[in-house]
Amino acid sequence: MKWLRNFMYGRYGVDQFGNFLFVTYIIMAILSLFFPILSFICYALIIYTLFRMLSKQYYKRRAENDWYLQKTEGIRKFLKRQQNKWKYRKTHKYLKCPHCHQYLRVPKGKGEITITCPSCHQQFDKTT
Ligand SMILES: [Zn+2]
Numbered sequence: 062m063k064w065l066r067n068f069m070y071g072r073y074g075v076d077q078f079g080n081f082l083f084v085t086y087i088i089m090a091i092l093s094l095f096f097p098i099l100s101f102i103c104y105a106l107i108i109y110t111l112f113r114m115l116s117k118q119y120y121k122r123r124a125e126n127d128w129y130l131q132k133t134e135g136i137r138k139f140l141k142r143q144q145n146k147w148k149y150r151k152t153h154k155y156l157k158c159p160h161c162h163q164y165l166r167v168p169k170g171k172g173e174i175t176i177t178c179p180s181c182h183q184q185f186d187k188t189t
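Pasting the structure below:
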């Protein structure tokens with residue numbers, strides 16, 4: 062595997078945007094079984110994904126990844142929150158601060174409690 066290590070030396074490799082492109086490629090590849098016209102997009106995707114992995118222009122690839130992360134920040138936060146909601150569903154409740162709309166996690170089953178928002182320091186009552 063030495064040749065592979067030498068070959069990959071100084072190359073960009075995989076980042077979040079690369080993972081996203083690869084997953085999109087897999088989905089498109091499956092869809093193209095039913096819609097052959099999509100195979101063009103598949104080729105383009107896999108070529109671009111490989112090009113980014115093997116690229117030696119760190120700066121440009123990093124900028125693309127930053128752009129991707131910035132564009133998907135909302136959806137990634139949303140998905141993370143859904144994941145946590147599910148994970149802590151037995152012990153915690155998620156609610157929004159009525160003043161600043163910050164998401165808060167509070168313990169479940171404590172009855173009526175007064176919550177102090179850590180973000181805007183406003184207080185409000187809620188039954189959990
Ligand atoms: Zn608040």
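To get my numbering, take the position in the sequence shown, counting from 1, and add 61.
Glycine is no exception: its CB is placed at the ideal position from the N, C-alpha and C atoms.
Check	Outcome
For the beta strand (DSSP E) containing glutamine 184, name the first residue and the last one.	184-188
Three-state secondary structure (DSSP) at threonine 175?	strand
Any heavy atom of ligand 1 within a distance shorter than 8 Å of the CB on serine 116?	no
Quick check on DSSP: helix, strand or coil for proline 168?	strand
If leucine 82 and leucine 106 are in contact, beta carbons under 8 Å, what's the gap, nearest whole angstrom?	6 Å
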